[in-house]
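Worksheet: the structure to be examined is printed underneath.
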Amino acid sequence: MDVFDKNKRTEIMKSVKSNNNRSTELKLIKIFKENNIKGWRRNYKAIGKPDFVFLKKKTAIFVDGCFWHGHNCRNTTPKDNSDYWDAKRERNRIRDEIINKRFTNRKWNVIRIWECELKEINRELLIKKIGALIK
Numbered sequence: 031m032d033v034f035d036k037n038k039r040t041e042i043m044k045s046v047k048s049n050n051n052r053s054t055e056l057k058l059i060k061i062f063k064e065n066n067i068k069g070w071r072r073n074y075k076a077i078g079k080p081d082f083v084f085l086k087k088k089t090a091i092f093v094d095g096c097f098w099h100g101h102n103c104r105n106t107t108p109k110d111n112s113d114y115w116d117a118k119r120e121r122n123r124i125r126d127e128i129i130n131k132r133f134t135n136r137k138w139n140v141i142r143i144w145e146c147e148l149k150e151i152n153r154e155l156l157i158k159k160i161g162a163l164i165k
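Per our numbering, the sequence shown starts with residue 31, numbered consecutively.
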C-alpha cells in the first residue's frame with residue numbers, strides 16, 4: 031500500500047525531471063571529467079533525445095534509470111497499480127529499441143548506460159564500455 035494518497039503520488043511523480051538527474055547524467059559528467067573524456071555534447075537535438083553525443087565519433091549515449099527502463103538489477107514493481115508500471119516499463123523498453131535502431135540505421139553507435147553502472151564499484155567497466163567506442 032502506498033503511503034501517499036493518489037493525488038499526492040501523482041504530484042510527486044510529475045515532479046520527477048528527465049534531465050540533470052544527480053543519480054545519472056551528472057554522475058556521468060563527473061566521470062567524463064575525471065577521465066579526461068572530451069568531445070561530448072548535451073542537449074543535442076537528435077531522435078530520442080540522447081543524454082550525450084560525441085558527434086565526431088557518431089556515438090549517442092543514453093543514461094537510463096533502472097526503475098524506469100526495467101533493468102533487472104532492481105526487479106521490483108510497486109504493489110499499487112502494478113499492471114500500469116509493468117506496461118509503462120515495457121513501453122519504455124520498446125521505445126528504447128526503436129530509438130537504438132534509428133541510430134544504428136544511420137551508422138551511429140549507441141551506448142545505453144544503466145543507473146546502476148554509475149556506482150563506484152562498476153566504474154572501471156563503465157569507462158571501458160564508453161572508451162571502446164569514443165577513443
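Just so you know, even glycine gets a beta-carbon here, dropped at the ideal spot from N, CA and C.
Alpha carbon of residue i to alpha carbon of residue j, nearest angstrom
| i | j | result |
| --- | --- | --- |
| Gly-95 | Asp-116 | 15 angstroms |
| Glu-150 | Ala-90 | 23 angstroms |
| Phe-34 | Lys-118 | 20 angstroms |
| Ile-160 | Ile-141 | 7 angstroms |
| Asn-122 | Glu-64 | 31 angstroms |
Boundaries (first-last residue) of the alpha helix (DSSP H) holding residue i
| i | result |
| --- | --- |
| Asn-122 | 112-135 |
| Ile-160 | 153-164 |
Residue i, DSSP secondary structure in three states
| i | result |
| --- | --- |
| Phe-34 | coil |
| Lys-57 | helix |
| Thr-106 | coil |
First and last residue of the uninterrupted beta strand (DSSP E) at residue i
| i | result |
| --- | --- |
| Asn-139 | 139-144 |
Evaluate contact between the segment 122-133 and the segment 70-86, counting only Cβ atoms and requiring at least three cross-stretch pairs below 8 angstroms. They touch, by the three-pair rule.
Go through the segment 64-98 residue by residue and report every complete run of the beta strand (DSSP E) that reaches 3 residues or more, in order. The DSSP assignment places 82-84, 89-94 as complete runs of the beta strand (DSSP E) inside the segment 64-98, in order along the chain (cut-off: 3 residues).
Exercise for review: Take every Cβ of the segment 58-70, pair it with every Cβ of the segment 145-162, and state whether three or more of those distances are shorter than 8 angstroms.
Suggested key: As far as the Cβ criterion goes, the segment 58-70 touches the segment 145-162, which means the pair count is three or higher.
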